[in-house]
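Colleague:
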Amino acid sequence: MSDSRQELIALLQTAYSAELAAALAYRGHWQSVSAADEREHIEQIENEEWHHRKLVGELLSSLGAKPNRQREVRSWVIGRSLGMLCHFVGWLAPMYGAGRLESRNIGEYETAARYARDCGCAEFIDCLLSMAEVEWEHESYFRSRLAQHRLGPGLKLWPAPPPKATIRESFANELAQSSNLKNVAGAANANC
Ligand SMILES: [Fe+2]
Ligand SMILES: [Fe+2]
90 MSDSRQELIA LLQTAYSAEL AAALAYRGHW QSVSAADERE HIEQIENEEW
140 HHRKLVGELL SSLGAKPNRQ REVRSWVIGR SLGMLCHFVG WLAPMYGAGR
190 LESRNIGEYE TAARYARDCG CAEFIDCLLS MAEVEWEHES YFRSRLAQHR
240 LGPGLKLWPA PPPKATIRES FANELAQSSN LKNVAGAANA NC
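What the sequence shown shows, in this note's numbering, is residues 90 to 281, in sequence order.
Next comes the structure, spelled out in structure tokens:
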């Protein structure tokens with residue numbers, strides 16, 4: 090099995106379980122906030138994480154792989170614990186923690202799309218980049234909530250991700266560059 094296929098499977102197993110932890114944590118999170126618009130929006134994010142988990146599970150099975158059982162158990166414990174903790178730690182910490190985690194999720198799905206490209210699973214790319222875009226929206230939501238908090242101006246946040254459009258643009262640029270390189274190599278071979 091190629092390295093990139095193995096790396097893709099490992100990353101998808103991680104993502105599959107991380108989506109479980111996230112969805113369970115968000116369930117506790119939306120139930121712990123009192124503003125109706127926040128409850129509704131975070132519940133929608135929970136549903137999107139369940140949808141991601143379903144999609145990632147389908148990608149794993151089409152690679153002939155299964156979720157990692159240990160990761161699943163650990164993620165269930167983490168997700169349930171974080172979900173319960175949200176009821177006791179106030180408004181700010183869950184919003185901050187969620188935004189910070191979401192910023193990491195964007196890059197994970199972009200990396201998975203690159204592994205998919207490198208191991209000949211081009212049909213996965215659009216799905217993986219779409220999930221990166223949804224994670225970008227999640228990060229943006231939590232960032233915007235924190236900005237409106239009275240402590241917002243003084244909060245030191247994680248680095249802001251580049252604009253959402255760059256997720257697809259940078260991927261397309263890399264594809265164009267690699268096909269240019271192949272053309273140059275092809276022309277050089279033809280000249281030999
Ligand atoms: Fe997700
Ligand atoms: Fe997310």
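Each residue gets a CB set at the ideal place from its N, CA and C atoms; glycine is no exception.
Because the structure is a prediction, the values reported are computed rather than measured.
(1) For residue 96, collect the residues of the same chain with a Cβ closer than 7 Å to its Cβ; drop the 5 residues on either side in sequence, then sort them by chain order.
(2) Could you check where the alpha helix (DSSP H) with residue 194 kicks off and where it finishes?
(3) Does residue 153 come out as helix, strand or coil in the three-state DSSP assignment?
(4) For the segment 252-266 and the segment 222-238, state whether three or more C-beta atom pairs, one from each stretch, are separated by less than 8 Å.
(5) Between which two residues does the alpha helix (DSSP H) containing residue 165 stretch?
(6) Distance, Cα to Cα, residue 267 vs residue 216?
(7) What first and last residue would you give for the alpha helix (DSSP H) that runs through residue 239?
(8) Give the secondary structure of residue 122 by DSSP, where H, G and I count as helix, E and B as strand, and everything else as coil.
(9) Taking 7 Å as the cut-off, is the CB of residue 194 close to at least one heavy atom of ligand 2?
(10) Pick helix, strand or coil for residue 264, following the three-state DSSP scheme.
(11) Are the Cβ atoms of residue 121 and residue 175 separated by less than 8 Å?
(12) Unbroken alpha helix (DSSP H) runs of length 4 or more, entirely within the segment 210-261: which are they?
(13) Figure out for me which residue from 124, 149, 265 has the closest Cα to the Cα of residue 94.
(14) By DSSP, does residue 178 sit in helix, in strand, or in coil?
Modeller: According to the data block:
(1) Excluding residues within five positions, the ones whose Cβ falls inside 7 Å are 204.
(2) 181-207
(3) coil
(4) yes
(5) Counting along the chain, the alpha helix (DSSP H) containing residue 165 begins and ends at 158-174.
(6) 21 Å
(7) Looking at the DSSP string, residue 239 is not in any alpha helix (DSSP H), and its letter there is neither H nor E.
(8) coil
(9) Result yes, Cβ under 7 Å from ligand 2.
(10) DSSP places residue 264 in helix when its eight states are reduced to three.
(11) yes
(12) Qualifying alpha helix (DSSP H) stretches, in chain order: 214-237.
(13) 149
(14) coil
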